[in-house]
Amino acid sequence: MTTLSYNKNLALIGGGRWGKNLARNFYQLGVLHTLCDSHPTTLETFRQNYPELHLTSSYDEVLNNSHIQSVVIAAPAIAHYALAKKALLAGKDVYVEKPLCLDSREGEELIHLAEEKGCILMVGHLLQYHPCIKALQELLGRGELGKLHYIVSNRLNLGSIRTEENALWSFAPHDISVILSLVGHNLPHQVRCTGADYLSKGVADTTMTTLRFANDVRAHIYVSWLHPFKEQKLVVIGSTGMAVFDDTKPWDEKLVLYRNHVTWTDGNIPLANKNEAEKVVVPQAEPLREECLHFIKCCQERIAPRTDGKEGLQVLKVLQAAQASLNEDGAEKNPSIKSSLEQTSPQYYAHPTAIIGPQAEIEVGTKIWHFSHIMDGAKVGQACNIGQNVVISPSVVLGKNVKVQNNVSVYTGVICEDHVFLGPSMVFTNVINPRSAVNRRGEYQKTFVRKGATIGANATIVCGVELGEYCFIGSGAVITKDIPPYALIVGNPGRQIGWMSRHGEKLDLPVSIPEDEILEASCPVTGERYQLKGNRIVPVDISQVASENLLQEAF
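Numbering follows the UniProt record's numbering, with no gaps: position 310 of the sequence shown is 310.
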């Protein structure tokens with residue numbers, strides 16, 4: 001039993017094939033209060049294994065119990081929408097096993113309902129909680145594989161044969177979820193799926209799905225329950241590395257990395273390198289337990305799940321497109337095309353001279369001005385202001401209320417969190433040592449600009465660094481290394497000359513003091529207090545809500 005302590009306020013709906021695994025984990029975590037199932041034999045089995053659980057066959061009894069705060073749904077997929085909707089209407093937090101539901105319009109309804117009720121909505125995409133998948137996502141995010149080229153996923157076995165859903169809907173949701181996360185949570189613009197039914201008429205036993213994304217990234221997913229041996233393998237190919245996740249291997253062999261599989265000679269001639277596999281060390285943990293813990297944390301802290309309803313809706317749209325293609329023997333489908341309910345005027349403003357890529361994601365309230373270009377694959381958050389002659393490249397992510405002043409190019413590899421300010425003509429790079437004759441596209445490095453940071457006019461940010469939250473980079477500064485939160489930086493090369501408050505005011509503090517001393521200063525405008533400990537600043541009395549309200553004044 002775990003030593004962690006949680007409130008016992010969770011009900012599990014469905015104690016079948018997968019429900020029993022969820023029951024084990026939530027029971028061991030000390031939160032399982034009720035098991036609801038319509039089969040008397042299932043309830044009897046749980047009565048023997050978990051004698052202290054409350055057992056019922058009445059879903060209404062669960063929803064009417066004010067002690068139960070969260071509901072986990074492990075019922076057949078056809079019932080997901082109805083069960084989840086009733087739970088959300090009753091004000092319960094909901095974790096629903098994959099898929100979210102069977103129709104994207106119903107998925108949208110569940111998302112809106114959860115937002116309206118202030119409830120957590122999480123989808124059970126188990127692989128997202130596998131430590132090896134998290135490590136793989138981090139490898140790709142750090143640029144260790146270079147530019148992403150393509151992804152191969154095989155999920156094969158003999159058994160788990162179903163008659164109520166085909167292999168695509170049964171096996172592929174987990175793989176689709178991971179693939180979408182690896183390509184920046186962008187939908188493919190092309191989906192094709194073929195398959196065949198050999199055991200039950202109309203229920204495909206095997207399917208092959210191909211996905212095509214912006215920047216010519218491709219993926220294919222092969223699933224079958226009519227295969228002589230078990231295979232659960234994900235291969236990710238980049239320009240400078242290849243990673244293989246094989247879930248059938250022993251833990252220390254599950255994730256391996258092949259570095260520098262191609263060498264470029266004379267600048268543009270590729271030669272293959274058959275390097276030895278490098279094992280990636282990953283702390284061992286049960287993925288399902290990690291997923292269950294994540295749901296509990298989200299419910300307690302009221303934070304959005306890693307696989308929330310919106311993520312589940314993206315997976316559902318790909319599944320629906322694949323099923324439509326399967327029905328038409330591999331016809332091309334585009335899940336990015338919005339439904340008739342979604343086809344309304346853009347929720348953002350773009351000047352007529354601006355160019356907006358059809359695969360760019362731009363959220364409500366954003367303004368894009370003269371001669372700017374938002375490229376396919378870019379993600380721009382709510383209420384951003386994009387000035388004149390700005391380029392936002394593929395895979396760039398801008399959080400909400402980011403202000404990009406005139407003549408700025410934000411290159412692939414840059415990620416800006418909320419409330420970032422990019423001053424006029426400031427410069428990002430994404431390659432350390434560019435040469436016109438040498439193809440460096442696989443060497444793009446990540447640059448992270450954390451929440452509330454300011455970069456002044458004509459400053460240069462050399463790629464591969466992290467700018468800490470609320471740091472302040474002065475005009476013309478050249479940044480070549482990581483910058484701590486709240487630091488005030490000027491010069492070439494950049495050097496720290498002080499500290500700034502969240503409000504953008506200089507604090508009356510030295511750059512550093514001995515580690516055993518503490519100095520305190522207040523923001524001259526807001527009165528917020530900060531402590532200097534060694535060479536780092538700690539805000540001591542800032543209410544998160546008050547601070548967010550201050551930053552929201554621009555909305």
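C-beta atoms are modelled at their ideal positions from N, C-alpha and C, and glycine is treated no differently.
Predicted model only: the values in this text are computed from it and were never measured.
| Query | Result |
| --- | --- |
| Span separating the alpha-carbon of A487 from that of L319 | 46 Å |
| Cβ-based neighbour list, A74, same chain, cut-off 6 Å, excluding 5 preceding and 5 following | G14, W18, G19, L22 and E97 |
| R47 - DSSP class collapsed to helix/strand/coil | helix |
| Cβ-Cβ separation, V478 to T460 (assumed contact under 8 Å), whole Å | 5 Å |
| Under the three-state DSSP convention, the category S543 falls into | Residue confidence for S543 is low, a pLDDT of 44 falling below 50, so the modelled location carries little weight; the figure read from the coordinates is stated next. The answer is coil: DSSP assigns S543 none of H, G, I, E or B. |
| Residue range of the beta strand (DSSP E) that includes H149 | L148 to L158 |
| Beta-carbon contacts of L180 that lie in its chain and below 8 Å, excluding the five residues immediately before and after | N186, L187, E311, Q314, V315 and V318 |
| Every unbroken alpha helix (DSSP H) inside the region 238 to 263 [4 residues or more] | none |
| Extent of the continuous beta strand (DSSP E) to which F448 belongs | T447 to V449 |
| For C101 and E144, the rounded distance between their alpha carbons | 36 Å |
| Stretch pair the region 58 to 65 + the region 39 to 50: three plus CB contacts closer than 8 Å | no |
| Rounded distance between the beta-carbons of I120 and V94, thought under 8 Å | 7 Å |
| In DSSP terms, what A11 is bridged to | T34 and V71 |
| Beta-carbon proximity list for K400, same chain, < 8 Å, skipping 5 on both sides | E363, G381, Q382, A383, C384, D418 and H419 |
| Other residues of its chain near V540: CB distance less than 7 Å, five sequence neighbours each side excluded | R529, Y530 and Q531 |
| As assigned by DSSP and simplified to three states, the class of D93 | strand |
| Helix, strand or coil at Y411 [DSSP, three-state] | coil |
| Residue burial classification, S160 (beta-carbon count within 10 angstroms, cutoff 16) | exposed |
| Cβ-Cβ distance between S57 and L10 below 8 Å | no |
| At least three beta-carbon pairs within less than 8 Å, the region 137 to 151 to the region 435 to 452 | yes |
| Residues near F448 in its chain [Cβ-Cβ closer than 6 Å; skip 5 each side] | I415 and E466 |
| N- and C-terminal bounds of the alpha helix (DSSP H) containing E116 | S104 to K117 |
| For S224 and A204, the rounded distance between their alpha carbons | 9 Å |
| V404 and L422 closer than 8 Å at C-beta | yes |
| Cβ-based burial, T353 [other Cβ within 10 Å; buried from 16] | exposed |
| Contact set for E165: own chain, Cβ-Cβ below 7 Å, skip 5 residues either direction | A77 |
| Check whether G238 and H130 have beta carbons under 8 Å apart | no |
| Length of the line joining the Cα atoms of L257 and I221 | 21 Å |
| K379 in three-state terms, based on DSSP | strand |
| Own chain, CB closer than 7 Å to S522, minus 5 neighbours either side, in chain order | E528 and R529 |
| Local conformation of K85 per DSSP, three classes | helix |
| Buried or exposed by the 16-neighbour rule on C-beta atoms within 10 Å, applied to G118 | exposed |
| Status (buried if at least 16 other CB within 10 Å, exposed otherwise) for D508 | exposed |
| Bounding residues of the alpha helix (DSSP H) (the contiguous stretch that carries S181) | A167 to L182 |
| P287 versus L127, A453, K85 and G534, residue with shortest Cα-Cα distance | L127 |
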